[in-house]
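Novice: Respectively, the protein sequence lines represent chains A and B.
Residues in the first sequence are numbered consecutively from 637, following the working numbering.
Residues in the second sequence are numbered consecutively from 637, following the working numbering.
Protein chains: 2
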Amino acid sequence: MPTSSPARPAATATRERILDAAERLFAGAGYDAVSLRMITREAGVELALANYHFVPKLELFRAVVERRASDLNAARMAALEALAPDAPLEAIIDAFSGPFLSRSLHGGPGWKAYARVIAQVANSERWTHALMSAYFDPVAHAFVARMRARLPRARAEDIYWGFHFLIGAMTITFAETGRIDVLSAGRCASSDLATIHARMLPFLAAGFRAICASDGISGETGRQGHE
Amino acid sequence: MPTSSPARPAATATRERILDAAERLFAGAGYDAVSLRMITREAGVELALANYHFVPKLELFRAVVERRASDLNAARMAALEALAPDAPLEAIIDAFSGPFLSRSLHGGPGWKAYARVIAQVANSERWTHALMSAYFDPVAHAFVARMRARLPRARAEDIYWGFHFLIGAMTITFAETGRIDVLSAGRCASSDLATIHARMLPFLAAGFRAICASDGISGETGRQGHE
DNA sequence: GCATGATTTGAACGATCGTTCAAAAATTAA
DNA sequence: TTAATTTTTGAACGATCGTTCAAATCATGC
Numbered sequence: 637m638p639t640s641s642p643a644r645p646a647a648t649a650t651r652e653r654i655l656d657a658a659e660r661l662f663a664g665a666g667y668d669a670v671s672l673r674m675i676t677r678e679a680g681v682e683l684a685l686a687n688y689h690f691v692p693k694l695e696l697f698r699a700v701v702e703r704r705a706s707d708l709n710a711a712r713m714a715a716l717e718a719l720a721p722d723a724p725l726e727a728i729i730d731a732f733s734g735p736f737l738s739r740s741l742h743g744g745p746g747w748k749a750y751a752r753v754i755a756q757v758a759n760s761e762r763w764t765h766a767l768m769s770a771y772f773d774p775v776a777h778a779f780v781a782r783m784r785a786r787l788p789r790a791r792a793e794d795i796y797w798g799f800h801f802l803i804g805a806m807t808i809t810f811a812e813t814g815r816i817d818v819l820s821a822g823r824c825a826s827s828d829l830a831t832i833h834a835r836m837l838p839f840l841a842a843g844f845r846a847i848c849a850s851d852g853i854s855g856e857t858g859r860q861g862h863e
Numbered sequence: 637m638p639t640s641s642p643a644r645p646a647a648t649a650t651r652e653r654i655l656d657a658a659e660r661l662f663a664g665a666g667y668d669a670v671s672l673r674m675i676t677r678e679a680g681v682e683l684a685l686a687n688y689h690f691v692p693k694l695e696l697f698r699a700v701v702e703r704r705a706s707d708l709n710a711a712r713m714a715a716l717e718a719l720a721p722d723a724p725l726e727a728i729i730d731a732f733s734g735p736f737l738s739r740s741l742h743g744g745p746g747w748k749a750y751a752r753v754i755a756q757v758a759n760s761e762r763w764t765h766a767l768m769s770a771y772f773d774p775v776a777h778a779f780v781a782r783m784r785a786r787l788p789r790a791r792a793e794d795i796y797w798g799f800h801f802l803i804g805a806m807t808i809t810f811a812e813t814g815r816i817d818v819l820s821a822g823r824c825a826s827s828d829l830a831t832i833h834a835r836m837l838p839f840l841a842a843g844f845r846a847i848c849a850s851d852g853i854s855g856e857t858g859r860q861g862h863e
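Rendered as structure tokens:
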């Protein structure tokens, strides 16, 4: 049985190798399409080691999701708390998406794979409750609270809906599916995350303002007119 | 071998039963977690019939995606062509998302399952090229063109990015993952699609206007300020 | 250095997988 | 009705799946 504490360095290294390989393969094909044999082969370890460190297989998937969640959550909270008291909505959204962006860009290939895993988890009811809500809702609550403070006259529900749209746009973006590359005939590249992110911030901020009665400062009113 | 034309009614009914069961199960657990035996058991037919009508298994998944795509595409194009020449951006977006909304609400349970399948397909590189681009890009091109006409001073790339965010918000919405129910402590319900849709239209329209220099009529300029 | 416990190995378990096939049944065409 | 074709059946194929286990190896504390 594996110990709960770091235990031996060798064992920890094996754990990480398995997690890396699992993350890489889960990102490409999903949970069920990847066998423990494929993972341990990719990791260069024996099959039984996967069952020694992670049992059942679902626990390995959970560990993959959990591993980078705490770092991401910490970075998001730090960015949120570093905001100026009167920080605009774009800055709040950036405090949420920015840490994911910088990790996808400069955090090594594991983060790109992680983003694809998260896209699968966030877009299926099957995983949402046990993985998405469990590991990301505490931080999400902090951001929703900050957004509510920034948009004091907005209804709470509308902030939640806006956050929901934000999650949808963010997850499909960092997953880099490549569809927009084909649709735009090469004009846009899914891999050009920096450019996408620069568009995503004003897009989402304007969306939030539109569904709220006011952002609490300018008193601007969102457009109503659709048939 | 199955005939390409409708052939016998009995065979067509069997095909539809298999497709219905496959759609239902794929929606819940994904392609690889669902076996042909589970599908044929759910459909109440023999295992070998799945391999008679659809071989290999991937062809069944493709057929599930394709089945409702043509109806959805036709409804979207009809809504697009029914728009007034000076229809606002919200109306264009509604012509795209409205047909999916009305089918999820009143099209029978199959459409809700279909929406969950599409969310998986749209959010993974694994499926995007062969399924998403193949069946939905022609109509997407028409909507992008219409949006460009409505936002004539916008750069083409920005319209594509906006469309990309729209797809992300739409797919996670219709998938009804339930996360927002938990996050909002019951204030918001994923199943309340009509309410979500009413928020989504102004949210996305404002986002499009923000990342474009102008919407071609009011000349309004999107906010720039983020740190 | 020895004993204890953690880690790794290699093999095997039963179950389920996608796919194939020949024969039976049902339908259509003549 | 007879003949041709499509659809359905039931059984089986080899392969791979997640999981288990006893034995071997390694590292550590006494």
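Cβ atoms here follow ideal geometry from the backbone N, Cα and C, with glycine treated the same way.
Touch check for the segment 751–767 of chain A and the segment 808–819 of chain A: three-plus C-beta pairs under 8 angstroms?
Specialist: At 8 angstroms Cβ cutoff, the stretches touch.
Novice: Which class does glycine 843 of chain B belong to by DSSP, given the choice of helix, strand or coil?
Specialist: Within the second sequence, numbered from 1, the residue matching residue 843 of chain B stands at position 207. In the structure shown, glycine 843 of chain B sits in a helix (DSSP, three-state: H, G or I).
Novice: Is isoleucine 675 of chain A close to chain B, meaning its C-beta is less than 8 angstroms from at least one C-beta of that chain?
Specialist: Sequence index remark: in the first sequence, residue 675 of chain A carries index 39 (1-based). Chain B, which has no Cβ nearer than 8 angstroms to the Cβ of isoleucine 675 of chain A, makes this no.
Novice: Would you check if the segment 818–836 of chain A and the segment 766–776 of chain A touch, i.e. whether three or more CB-CB distances between them fall below 8 angstroms?
Specialist: No, the segment 766–776 of chain A is not in contact with the segment 818–836 of chain A.
Novice: Cα separation between leucine 661 of chain A and glycine 734 of chain B?
Specialist: For the purposes of this step, residue 661 of chain A is identified with residue 25 of the first sequence, where counting begins at 1. For the purposes of this step, residue 734 of chain B is identified with residue 98 of the second sequence, where counting begins at 1. Straight-line Cα distance between these residues: approximately 36 angstroms.
Novice: Tell me the rounded alpha-carbon separation between threonine 807 of chain B and serine 706 of chain A.
Specialist: Here residue 807 of chain B refers to the residue found at position 171 when the second sequence is read from its first residue. Here residue 706 of chain A refers to the residue found at position 70 when the first sequence is read from its first residue. Roughly 27 angstroms separates the two Cα atoms.
Novice: Kindly indicate the opening and closing residues of the alpha helix (DSSP H) around glycine 776 of chain A.
Specialist: The residue given as residue 776 of chain A occupies position 140 in the first sequence. The question names glycine, yet the displayed sequence has alanine at residue 776 of chain A. From DSSP, the alpha helix (DSSP H) with alanine 776 of chain A extends over 770–786.
Novice: Give me the chain A residues within the contact set of histidine 833 of chain B, using Cβ-Cβ distance strictly less than 7 angstroms, ordered along the chain.
Specialist: By one-based count along the second sequence, residue 833 of chain B stands at place 197. Those do not exist, as histidine 833 of chain B stays about 10 angstroms from chain A at its closest Cβ, beyond 7 angstroms.
Novice: Taking the C-alpha atoms as reference points, what is the distance between valine 691 of chain A and valine 700 of chain A?
Specialist: For the purposes of this step, residue 691 of chain A is taken as residue 55 along the first sequence, with counting starting at 1. For the purposes of this step, residue 700 of chain A is taken as residue 64 along the first sequence, with counting starting at 1. Going from the Cα of valine 691 of chain A to the Cα of valine 700 of chain A covers about 13 angstroms.
Novice: Return the CA-CA distance between alanine 731 of chain B and aspartate 722 of chain B, expressed in angstroms with no decimal places.
Specialist: Numbered from 1 along the second sequence, position 95 holds the residue referred to as residue 731 of chain B. Numbered from 1 along the second sequence, position 86 holds the residue referred to as residue 722 of chain B. Roughly 14 angstroms separates the two Cα atoms.
Novice: Please list, in chain order, all residues of the same chain as glycine 843 of chain B whose beta carbon is under 7 angstroms from its beta carbon, the five residues on each side excluded.
Specialist: The count along the second sequence starts at 1 and reaches residue 843 of chain B at position 207. So the list reads Gly798, Phe801, once near-sequence residues are dropped.
Novice: Just curious, the alpha helix (DSSP H) that leucine 696 of chain B is in, first and last residue?
Specialist: Counted from its first residue, the second sequence places residue 696 of chain B at position 60. Here the alpha helix (DSSP H) through leucine 696 of chain B covers 693–717.
Novice: Run the CB neighbour count on threonine 648 of chain A, radius 10 Å, all protein chains shown included, and call it buried at 16 or more, exposed below.
Specialist: Within the first sequence, numbered from 1, the residue matching residue 648 of chain A stands at position 12. Looking at its Cβ environment, which holds fewer than 16 other Cβ atoms inside 10 Å, threonine 648 of chain A is exposed.
Novice: For the alpha helix (DSSP H) holding glutamate 678 of chain A, just list the boundary residues, first then last.
Specialist: In the first sequence, counting from the first residue as 1, residue 678 of chain A sits at position 42. Looking at the DSSP string, the run of the alpha helix (DSSP H) that includes glutamate 678 of chain A is 672–679.
Novice: Starting from the Cα of histidine 777 of chain B, find the closest Cα among B/Gly743, B/Ala841, B/Ile728, B/Ala684 and give me that residue.
Specialist: Here residue 777 of chain B refers to the residue found at position 141 when the second sequence is read from its first residue. With distances taken between Cα atoms, histidine 777 of chain B lies closest to B/Ile728.
Novice: Give the single residue among B/Arg784, B/Ala841, B/Arg845, B/Ala665 whose Cα lies nearest to the Cα of tyrosine 750 of chain B.
Specialist: The sequence position of residue 750 of chain B within the second sequence is 114, counting from 1. When each option's Cα is compared against that of tyrosine 750 of chain B, the closest is B/Ala665.
Novice: Would you give the residue range spanned by the alpha helix (DSSP H) that glutamate 726 of chain B belongs to?
Specialist: Residue 726 of chain B sits at position 90 when you count from the first residue of the second sequence. 725–742 is the span of the alpha helix (DSSP H), which, as asked, contains glutamate 726 of chain B.
Novice: Starting from glycine 804 of chain A and walking both ways along the alpha helix (DSSP H), at which residues does that stretch end?
Specialist: The residue you call residue 804 of chain A lines up with position 168 of the first sequence. Glycine 804 of chain A -> alpha helix (DSSP H) spans 792–810.
Novice: Can you tell me whether serine 740 of chain A is buried or exposed? The criterion is at least 16 other CB atoms within 10 Å of its CB, across all chains shown.
Specialist: Locating residue 740 of chain A in the first sequence gives position 104, where the first residue counts as 1. So serine 740 of chain A counts as buried.
Novice: Does the Cβ of threonine 912 of chain A have 16 or more other Cβ atoms within 10 Å, making it buried, or fewer, making it exposed?
Specialist: Since the displayed chain A opens at 637 and closes at 863, residue 912 of chain A lies outside it and no answer follows.
Novice: Helix, strand or coil for asparagine 687 of chain B, going by three-state DSSP, please let me know.
Specialist: For this step, residue 687 of chain B is matched to residue 51 along the second sequence. Here asparagine 687 of chain B sits in helix by DSSP.
Novice: Given this structure, state the Cα-to-Cα distance separating alanine 792 of chain A from glutamate 793 of chain B, to the nearest angstrom.
Specialist: By 1-based counting over the first sequence, the position of residue 792 of chain A is 156. By 1-based counting over the second sequence, the position of residue 793 of chain B is 157. About 33 angstroms.
Novice: Give the straight-line distance between the Cα atoms of phenylalanine 779 of chain B and alanine 710 of chain B, rounded to the nearest whole angstrom.
Specialist: Along the second sequence, read from residue 1 onward, the residue named residue 779 of chain B stands at position 143. Along the second sequence, read from residue 1 onward, the residue named residue 710 of chain B stands at position 74. Using only the alpha carbons, I get a separation of about 13 angstroms.
Novice: Who are the neighbours of arginine 752 of chain A on chain B, taking C-beta pairs under 8 angstroms?
Specialist: One-based indexing of the first sequence puts residue 752 of chain A at position 116. Within 8 angstroms Cβ-Cβ: Ser760, Glu761.
Novice: Could you tell me the boundaries of the alpha helix (DSSP H) in which tyrosine 750 of chain A lies?
Specialist: Within the first sequence, residue 750 of chain A is the residue found at index 114, counting from 1. Segment 745–758, the alpha helix (DSSP H) holding tyrosine 750 of chain A.
Novice: DSSP three-state call for alanine 720 of chain B: helix, strand or coil?
Specialist: Residue 720 of chain B sits at position 84 when you count from the first residue of the second sequence. In this structure, alanine 720 of chain B counts as coil in the three-state DSSP scheme.
Novice: Can you tell me whether DSSP reads glycine 664 of chain A as helix, strand or coil?
Specialist: Within the first sequence, residue 664 of chain A is the residue found at index 28, counting from 1. If DSSP states are grouped into helix, strand and coil, glycine 664 of chain A belongs with the helices.
Novice: Quick check: tyrosine 771 of chain B and glutamate 702 of chain B, are their CB atoms within less than 8 angstroms of each other?
Specialist: Here residue 771 of chain B refers to the residue found at position 135 of the second sequence. Here residue 702 of chain B refers to the residue found at position 66 of the second sequence. A contact, by the Cβ cut-off of 8 angstroms.
Novice: Just mark alanine 658 of chain A as buried or exposed, buried being the case when its beta carbon has 16 or more other beta carbons within 10 Å.
Specialist: On the first sequence, residue 658 of chain A is found 22 positions in, with the first residue counted as 1. Alanine 658 of chain A should be labelled buried.
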